[in-house]
Structures are given as C-alpha cells and as structure tokens.
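Asker: Dropping a structure here in structure tokens format, bear with me for questions.
Protein chains in written order, with our numbering: chain A, 1 to 313; chain B, 1001 to 1298.
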C-alpha cells in the first residue's frame, strides 16, 4: 500500500525536478506506465466499482431501512430513504406476528443446521481421506461417480425420497432432514480430497512405521492439519442448511415442525389487508444475521473454498 | 503373498472410510434414481395403487401438456439469457477487482455477499423491491422519469424480473474468475506489453484464452443450478402471471406435491436429468475446441 502511494505521488507530478519532459509526464499520468494505472483508467475503474457497489448494496440497504420504518412510511411517495423515526420495536414486533410457534422453529432450525454441519463435514472428510490416501479397487470409477452426482438435481430424487420417508412414517418429522447429511456430500468430498492431497504423504508414512492405524492418521494427522479446509466445508454447510427450503417444504407440514425458512415463507399469510413489509423485512433481517456473522468472520474460508474447487482440478 | 494381504487390508479399510457415502448413495441417490425411472412408467396418485402405463407419461408430456412445454420454454429462456448475462457480469467484476485497486477485500465482500446469503430471505426482499407501486425499483425509475412496469404482475416483465434478480448473486462466479485471473502468468502479460499489445487486445488474446477452463467450470455449474430454479418462482410468482414464470422445477414440484401425480412428476424429473446430462456432455465435447489447458492434468 505504502509503495503504491509513493508512486502515485510522483506520478501526479509533485517531484518537479524537471528532469522528465512535461508532456511525457502528463502522458504517463493520464495513460499510465507498465505496472501503474493511468489516471483515466483509475477514474474509470473506480467509478465502475462505485456504481456496481451501489447496485449490489442497495437491496440489503433497502431491507434494513424498511425493517426500521414505521408502517405508514413504507408506502410513502416519494420514497423515504432513511427511516424516521427509527423503529427498533419492529424487530420484537416481527417475532409476535401470529404464525408458526417461533421458538420451536428456531430450535428446529438449530437442530437441522447443527446436524447438517457436523454430519456432512465429518462424513465427507472420512470419504475424502480414502480417496486422497488409500488404494482400493474401483477407486477411479467411484470418484467419477461422486463427481457425476453433482449433476443430479434434487428434483430427480425428491419423489422417491419422499416415498421412502412416507413408508417409514417419518413425514412431518425432522428425521428426513437430520439424517441424510451424515452420508457425505459430493461437493465437500471433492473439496476435502483436493486439500488432503496437498498434505505431504511423508507424515502418513512416518506414522505408519510407528504403528499408527489409518484411523489414527486420519484423526491425529490429517484432521488437525486440515482445519482450514474443514472449516470451509463447515461454513458452506452452515449457509446451505440454514437457508434450505425445498427439502423442508416437502417433508414438513405442521407448524410445530417448521424450520425458519418455512416460517419466513409463510410470514405474510396472517396479514389481513396490506402486508406489513416493515415487519417482514425485520424478520428477514434477523433470519440473515447468523449468515452475515458467519460470512464476515469466515470470508477467507468461503473464498478459499470455491477457489479450491473451481480452479484446481 | 504378504503384499496381496496388505493390499486387501488397505482396500477393506478404504471401503470402511467411504462406507458413509456408499450407503448414502444407494439410499438417497442411486436407489431413488432407479426408482424414479421405474415410477415414471406408472400412473400413481399416492393414495391409489400404481398402474403401469408404459411410456404414456412421456408421451403426454410432449403432446398433451402445454404447461410442461411452457415450463421447458421458461427454463430454457432463463438459462439462455440469465446465465450468459450473469457470467459476463461476474467476469467484468473480476476484471475490475483484478486491477491494482485499494480496499480489494471490501469490494470483494460486497459483491460476493449476496451470493452467499441467497435463499428465502433474499427472495422475499426482492418480492418487496419489485412491488409496482411502493417497491424501491419503480420508485428509483420514477426518479429518472421512467414509469416502471408491473414486474412480477406483468406477463412480459415477470421472467426478466427473475433474471435481473439472478444477476445479484453472481458473486460466487466472480470469486472463481478472480482466482483464475490471478493465475494468468505475469510473464505472458509483460511479454505482450513489450510487443505493444493494447489492453483490449491483451484481454482477448491472452487473458480470455487462459481463463477458458474457469469459464467452462462456471458456466456448467450455473446451468446445472439454473435448470433447477425453484425458490424464486415458488415464492415470488407461483409460476404466474399466465405461467410466464412456470419453471420446470416449480412445475415438477406442483405435479408431485400439489396434484400428487408421482409417476408423472418422476417422468418430468427424468427429463430434467436428461437435459442436464445432455447439456453437460455437449459442453464437455464442445470444450475440446475452445477450452485451453496449459497445465498437464493432475
């Protein structure tokens, strides 16, 4: 940072020692030199960035602004950019809109998300370990099979799965949501395998000579060394299960078993007359808070995760 | 002898490790896929016993069900327009972020965040923004003197509305492009610069070819996800008005869980599967022509 700053300083022409012809200096200031952006390009890049940033930030701003407005203000024309007065009470009010029993919904979501995160991370790591480290017949074929399941839409397996849960009498319970994550996810297996491959094999070999079992190696060497990758899988899983809608939608029917996505989707039903968008946005904001927290604390992990899977094959 | 025993042992241990996935695959993936193929040859209302009808479901779909054809059209249009637009935007953002700019972390978070938090909450938010009279989008259009359309309530604007919303979540692709751009070797760019290549020329002659593997990956993932679009039409339009946003995923859901036509829905699911497979295979085939791999596989 400091370096670019100094270079800028010179480029704009404060060091007027006259050794460089003025025309050349202006030229290089405007159009840049190899290794440095010219002024014109800089203006262009930053104005593009700012315009796009406004467009990308607007929806989120609007959600929060609406969430803090009194009811009559959300319909005001011309539109009101800043809530005035700021209605903090919308947040507690949003939890009191008649609908599904909220504490139960929160508890169900926590159960689903925790199961999803722990289950998928642990099981995917086990499977990934075998594909990264062990030799066994059918390895290549099975790995291709795992990758090809990425192509299979949930819609294709949705109906038969529904029938299985129906037969088991598990419809409208949380079991069909809490059990499947424990069987590994293709995307996560792929990501973790890629990461495990980067751990030097010598560690394993040394441990094997010392008489460690494969499980010991997995649990005592690979897992501790892979914390960043495991955390990446965990944060992706968190966001996925926290936001999951379709699976709960087909499984759950009674309000006491709702997860928060169902609660949020049905939020507007109790309103008679116009929807109270301020309360709705307050509810949406509160719903997103855990995701936002995870995003801001684990952003590096998100970026790293999609880079591992997207770039390295 | 000792070697074979050792290898056998290792194989057994390995199968132990992958058993969660194997069991899960049989129960929740492989089994259901076969089951849904079988089901697609039956007429089954869930409460009555299933009746074998052969290929009738498939025949009906393509000859006697205008809604199904409509859902194919809607999904196809969405994929053909929203995905290229989204990928161009994502690449454009990545190119901007790949300049020597300050606060890279800030910009990247801002563009990336929407794609991470997507789902019900965000869909409801866009539902609010698209309201014709009080929504922020039309209010903004009014500020610049334009009369905004009725968006989700308009037959011609409902699908474009969903396409525009999808542009908001291109951040995931953007991050992948950005990583790809950072992998383009500096020496190549410098060499081109020495040879007097301009910025635009450099982009089309060097950057873009080097990026093709990443573009390929992003496009395939976006298509697979795009064909399955469900939450947005379900929460924002329920397929309307006049079925202009009846996505394949939504119609399938309705057939299965509203009309309980399990066999018919399974047939539809298989068509969806076949479409995704075909598109992916075509992409792979086609990729040999335009994707440039510098590194050896591995």
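Beta carbons are placed, not taken as given, at the ideal position from N, Cα and C, and that holds for glycine.
Under 9 angstroms between beta-carbons, which chain A residues line up against residue 1023/B? List them in chain order, please.
Answerer: Reading the second chain from its first residue, position 23 is the one you call residue 1023/B. Chain A residues near residue 1023/B: 183.
Asker: Taking Cβ-Cβ distances shorter than 7 angstroms, what residues in chain A pair up with residue 1257/B?
Answerer: By 1-based counting over the second chain, the position of residue 1257/B is 257. Per Cβ cutoff of 7 angstroms: 250.
Asker: Taking the alpha helix (DSSP H) that residue 1085/B falls in, what are its first and last residues?
Answerer: As a first step, residue 1085/B is located in the second chain; it is residue number 85 there, counting from the start. From DSSP, the alpha helix (DSSP H) with residue 1085/B extends over 1066-1097.
Asker: Pop quiz: residue 1280/B and residue 1220/B are said to be a contact at Cβ under 8 angstroms. What is the actual Cβ separation, rounded to whole angstroms?
Answerer: Within the second chain, residue 1280/B is the residue found at index 280, counting from 1. Within the second chain, residue 1220/B is the residue found at index 220, counting from 1. The pair is a contact, with the Cβ atoms about 6 angstroms apart (cut-off 8 angstroms).
Asker: Which residue marks the beginning of the alpha helix (DSSP H) containing residue 1107/B, and which one marks its end?
Answerer: Sequence index remark: in the second chain, residue 1107/B carries index 107 (1-based). Start and end: 1104-1117.
Asker: Taking Cβ positions only, does residue 78/A come closer than 8 angstroms to chain B?
Answerer: Stepping through the first chain from its first residue, residue 78/A is reached at position 78. Cβ-Cβ to chain B under 8 angstroms: yes for residue 78/A.
Asker: Hey, how far is the Cα of residue 96/A from the Cα of residue 238/A?
Answerer: By one-based count along the first chain, residue 96/A stands at place 96. By one-based count along the first chain, residue 238/A stands at place 238. Computed Cα separation, rounded: 26 angstroms.
Asker: Would you please verify whether the beta carbon of residue 129/A is less than 8 angstroms from any beta carbon of chain B?
Answerer: Position 129 of the first chain, counting from 1, holds the residue named residue 129/A. Taking Cβ atoms only, chain B reaches closer than 8 angstroms to residue 129/A, which makes this a yes.
Asker: Please report the residue range of the alpha helix (DSSP H) in which residue 276/A lies.
Answerer: The sequence position of residue 276/A within the first chain is 276, counting from 1. No alpha helix (DSSP H) holds residue 276/A; DSSP gives it neither H nor E.
Asker: Classify residue 14/A: buried if its beta carbon has 16 or more other beta carbons within 10 angstroms, exposed otherwise.
Answerer: Numbered from its first residue, the first chain carries residue 14/A at position 14. Any reading at residue 14/A needs caution, since the residue's pLDDT is 46, under 50, leaving its predicted position unreliable; the model's value is listed next. With fewer than 16 Cβ atoms within 10 Å of its Cβ, residue 14/A is classed as exposed.
Asker: Residue 46/A lies in the alpha helix (DSSP H); which residues open and close that run?
Answerer: Taking the first residue of the first chain as position 1, residue 46/A is located at position 46. 39-67 is the extent of the alpha helix (DSSP H) around residue 46/A.
Asker: Consult DSSP for residue 7/A and reduce its assignment to one of helix, strand or coil.
Answerer: Here residue 7/A refers to the residue found at position 7 when the first chain is read from its first residue. Reliability of the predicted coordinates at residue 7/A is poor, the pLDDT of 45 falling under 50, and the value obtained from them is presented with this limitation in mind. Here residue 7/A sits in helix by DSSP.
Asker: Go ahead and label residue 217/A buried or exposed: buried means 16 or more other beta carbons lie within 10 angstroms of its beta carbon, across all protein chains shown.
Answerer: Looking up residue 217/A in the first chain gives position 217. Flag for residue 217/A reads buried.
Asker: Measure the beta-carbon distance from residue 150/A to residue 187/A and round it to whole angstroms, keeping in mind my assumption that it falls under 8 angstroms.
Answerer: Here residue 150/A refers to the residue found at position 150 when the first chain is read from its first residue. Here residue 187/A refers to the residue found at position 187 when the first chain is read from its first residue. 6 angstroms between Cβ atoms; contact.
Asker: With H, G and I counted as helix, E and B as strand and the rest as coil, what does DSSP make of residue 223/A?
Answerer: Indexing the first chain from 1 puts residue 223/A at position 223. Helix at residue 223/A.
Asker: Over the uninterrupted alpha helix (DSSP H) stretch that includes residue 1275/B, give me the two end residues.
Answerer: Within the second chain, the letter at position 275 stands for residue 1275/B. Looking at the DSSP string, the run of the alpha helix (DSSP H) that includes residue 1275/B is 1262-1290.
Asker: Taking Cβ positions, are residue 1116/B and residue 1246/B nearer each other than 8 angstroms?
Answerer: The residue given as residue 1116/B occupies position 116 in the second chain. The residue given as residue 1246/B occupies position 246 in the second chain. Contact: no.
Asker: Which residues in chain B sit within 8 angstroms of residue 115/A, going by Cβ to Cβ distance?
Answerer: For the purposes of this step, residue 115/A is taken as residue 115 along the first chain, with counting starting at 1. Result: empty, since nearest Cβ-Cβ is about 14 angstroms, beyond 8 angstroms.
Asker: Tell me, to the nearest whole angstrom, how far the beta carbon of residue 267/A is from that of residue 283/A; I am working on the premise that it is less than 8 angstroms.
Answerer: The count along the first chain starts at 1 and reaches residue 267/A at position 267. The count along the first chain starts at 1 and reaches residue 283/A at position 283. About 6 angstroms separates the two Cβ atoms, so the contact holds.
Asker: Distance check for residue 1135/B and residue 1148/B, CA to CA, integer angstroms please.
Answerer: Here the question's residue 1148/B lines up with position 148 in the second chain. Here the question's residue 1135/B lines up with position 135 in the second chain. C-alpha separation (whole angstroms): 10 angstroms.
Asker: With DSSP collapsed to three states, give me the class of residue 1043/B.
Answerer: Residue mapping note: residue 1043/B aligns to position 43 of the second chain, counting from 1. In this structure, residue 1043/B counts as strand in the three-state DSSP scheme.
Asker: What is the rounded straight-line gap between the Cα of residue 313/A and the Cα of residue 301/A?
Answerer: Counted from its first residue, the first chain places residue 313/A at position 313. Counted from its first residue, the first chain places residue 301/A at position 301. Residue placement at residue 313/A is poorly supported in this model, since its pLDDT is 40, which falls under 50; the coordinates still yield a value, given next. Using only the alpha carbons, I get a separation of about 19 angstroms.
Asker: Got a sec: which bits of the stretch 148-164 of chain A sit with their beta carbon under 8 angstroms from any beta carbon on chain B, in order along the chain?
Answerer: The stretch 148-164 of chain A vs chain B, Cβ under 8 angstroms: 149, 150, 151, 152, 153, 154, 155, 156, 157, 158, 159, 160, 161, 162, 163 and 164.
Asker: I'd like to know whether the C-beta of residue 1013/B is nearer than 8 angstroms to at least one C-beta of chain A.
Answerer: Reading the second chain from its first residue, position 13 is the one you call residue 1013/B. Judged by the 8 angstroms Cβ criterion, residue 1013/B is in contact with chain A.
Asker: Under 8 angstroms, do residue 1171/B and residue 1113/B count as touching if we go by C-beta distance?
Answerer: Working through the second chain from its first residue, we reach residue 1171/B at position 171. Working through the second chain from its first residue, we reach residue 1113/B at position 113. Yes, these two residues count as a Cβ contact at 8 angstroms.
Asker: Determine, using beta carbons only, whether residue 59/A comes closer than 8 angstroms to chain B.
Answerer: One-based indexing of the first chain puts residue 59/A at position 59. It does; some Cβ of chain B falls within 8 angstroms.
Asker: Per DSSP, residue 1034/B is paired with what?
Answerer: Within the second chain, the letter at position 34 stands for residue 1034/B. Residue 1034/B pairs with nothing; no bridge assigned.
Asker: Using C-beta distances below 6 angstroms, list every residue in its chain close to residue 1216/B, excluding the 5 sequence neighbours before and after it, in chain order.
Answerer: Translated into positions along the second chain, residue 1216/B becomes position 216. 1287 and 1291.
Asker: How about residue 1111/B and residue 56/A: are their beta carbons less than 8 angstroms apart?
Answerer: In the second chain, residue 1111/B corresponds to position 111, counting from 1. In the first chain, residue 56/A corresponds to position 56, counting from 1. Closer than 8 angstroms, so yes.
Asker: By the criterion of Cβ-Cβ separation under 7 angstroms, what are the contact partners of residue 1229/B in chain A?
Answerer: One-based indexing of the second chain puts residue 1229/B at position 229. Simply none; closest approach about 10 angstroms.
Asker: According to DSSP, which residues form a beta bridge with residue 1052/B?
Answerer: To locate residue 1052/B, count along the second chain from 1; it is residue 52. Residue 1052/B is bridged to 1042/B.
Asker: Quick one: what does DSSP say residue 1180/B is sitting in, helix, strand or coil?
Answerer: Position 180 of the second chain, counting from 1, holds the residue named residue 1180/B. DSSP places residue 1180/B in helix when its eight states are reduced to three.
Asker: Runs of 4 residues minimum, wholly inside the stretch 114-163 of chain A: which ones carry the alpha helix (DSSP H) assignment?
Answerer: DSSP runs (the alpha helix (DSSP H)) wholly in the stretch 114-163 of chain A: 139-148.
Asker: DSSP puts residue 32/A in a beta bridge; with which residues?
Answerer: For this step, residue 32/A is matched to residue 32 along the first chain. Residue 32/A is bridged to 37/A.
Asker: What are the residues in the stretch 1092-1110 of chain B lying within 7 angstroms of chain A by C-beta distance?
Answerer: Those residues of the stretch 1092-1110 of chain B that come within reach of chain A (Cβ to Cβ, closer than 7 angstroms) are 1093, 1096, 1099, 1100, 1101, 1107, 1109 and 1110.
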